[in-house]
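Sequential numbering from 6 applies to the sequence shown in my numbering. The beta-carbon is built from N, C-alpha and C at its ideal position, and this holds for glycine as well.
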Amino acid sequence: MVTILPLSVQSATVVKNGTRLLGPVDLSLGETGLTIVLGPNGAGKSTLLRLLHGLEKPAEGRLRFAAPRHETYAKQAFVFQTPVMLRRTVLGNLTYPLTAHGTKRAEAEKQALTWLNTIGLAGHEQQRASQLSGGERQKLALARALIRAPQLLFLDEPCANLDGASTRDIERLILTARAAGTRILMATHDLGQARRLATDVLFLHKGQIVESGPASAFFDAPQTPEAQAFLKGDLVL
């Protein structure tokens, strides 16, 4: 099996309309773990995820996976804060990633039905995905991302605006995916969630990574004034 990690990023920047949104960024993403990306609004969390996934092109610097870039796209997935639903049924949303990559329809439906049972949507197979609740759509989007067992999963605020029960279900799916070997990079604004899930943390401020390290060290003894202020709930200037 082709392994796409580790991912190395060297002096990468993202620039839009003459304004630098991110960078320069240097980081190495290893093969295991659940990295939580933290920072105040506008720090560049979403831009960083989009850059690493290939949705943003670096204006400077480079990104290097362990495999050729064209081989990495099929082995990673991205779940947005607002879930994107295909104009299909619930079952159709889950079978699509499989059939699009050559899985026979009968096998795709078998796997999709198993996932629908896992996420609590058994019985909704023929319902239009757009008719689901916000929490149900997010669980479906996450299952659709995970159904092909990606090596690398990007999550951009997947529990924003969800209630406690839906957040618990999403976190359970995330932890199960991590235990199965999926490398996860996730942005969140929820410090409680970050403490529950993170193995390590990237803390961004003004488009740069100002602190990184194991989650326990970051939360117990942050080293930078910006991280200290953020964890206290103070304004980060």
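- For Q198, no pairing in a beta bridge is given by DSSP.
- The beta strand (DSSP E) runs lying completely inside the stretch 107 to 179 and spanning 3 residues or more are 157 to 161, given in chain order.
- The beta carbon of I152 lies closer than 8 Å to those of L99, P102, L103, Q116, A117, W120 in the same chain, with the five residues before and after it left out.
- The three-state secondary structure of F85, taken from DSSP, is coil.
- A direct Cα-Cα distance of roughly 43 Å separates R69 from G128.
- Residue pairing of Q213 in beta bridges, as defined by DSSP: H210.
- A direct Cα-to-Cα measurement between K50 and T77 gives close to 21 Å.
- Approximately 6 Å separates the beta-carbon atoms of R188 and L10; this is inside 8 Å, confirming the contact.
- In the DSSP assignment, K21 falls within the unbroken beta strand (DSSP E) covering 12 to 21.
- In this structure, the alpha-carbon of K144 lies about 15 Å from that of F159.
- Taking a cut-off of 8 Å on C-beta distances, the stretch 40 to 47 touches the stretch 200 to 213, as three or more cross pairs fall below it.
- Taking a C-beta distance under 9 Å as the contact criterion, A234 and L242 qualify as a contact pair.
- For R55, the enclosing alpha helix (DSSP H) has its first and last residue at 50 to 58.
- Judged by DSSP secondary structure, D31 falls within the beta strand (DSSP E) whose first and last residues are 24 to 34.
- Within the model, the alpha-carbon separation for L91 versus Q228 is close to 44 Å.
- Rounded to the nearest whole angstrom, the C-alpha separation of A154 and T181 is 11 Å.
- Pairing D174 with G140 gives a Cβ-Cβ distance under 9 Å.
- A Cβ-Cβ contact shorter than 9 Å links V95 with R133.
- T193 is positioned such that its CB atom lies closer than 9 Å to that of C164.
- The C-beta distance from L56 to A17 rounds to 6 Å, short enough to fall under 8 Å.
- Here E61 carries a coil assignment [DSSP, helix/strand/coil].
- One thing to note: A199 has its Cβ within 9 Å of the Cβ of A220.
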